[in-house]
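Undergrad:
Numbering (this note's numbering), first residue to last: 482 to 603.
(1) May I ask you to report which of helix, strand or coil DSSP gives residue 534?
(2) So, at 6 Å on beta carbons, what are the nonlocal neighbours of residue 579 in its own chain, with the 5 sequence-adjacent residues on each side left out?
(3) Per DSSP, what are the beta-bridge partners of residue 549 in this structure?
(4) Is the separation between the beta-carbon of residue 548 and that of residue 529 shorter than 7 Å?
(5) Would you report the Cα separation of residue 498 and residue 504, rounded to the nearest angstrom?
Here is the structure:
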């Protein structure tokens, strides 16, 4: 619970200060952040998938990002010169490898329906 409090307020106060006030070590906090989510946390997890594009000297670069809305951490991403379904599938596969299986059907109304494209379970 203390680590969650520090995590939720890290944008407002320094992590060092929060850890000192909460009487926890900074190394303990950072170790907690690296641990995989517990089964209960995974069940409550809400993911956001987003695609953006950036102009580079070599043309457009498309970036798909999967974010855990609770921790506000990027848990999967993929970049490509083309905006195709494989861009998002790759980002979701990377997220799946990090947090475990993604069980819900996924629908991205602004792009395409991924329901028929299985996310790898590795």
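The beta carbon of each residue, even a glycine, is placed where N, CA and C say it ideally should be.
This one's a predicted model, so the numbers in the text were calculated from it and none came from an experiment.
TA: The answer reads as follows:
(1) It is a strand residue.
(2) Once the five neighbours on either side are set aside, the close Cβ partners of residue 579 are 556.
(3) Bridge pairing for residue 549: 528, 554 [DSSP].
(4) Yes, the pair counts as a contact, with Cβ atoms nearer than the cut-off.
(5) Cα-Cα distance, rounded: 10 Å.
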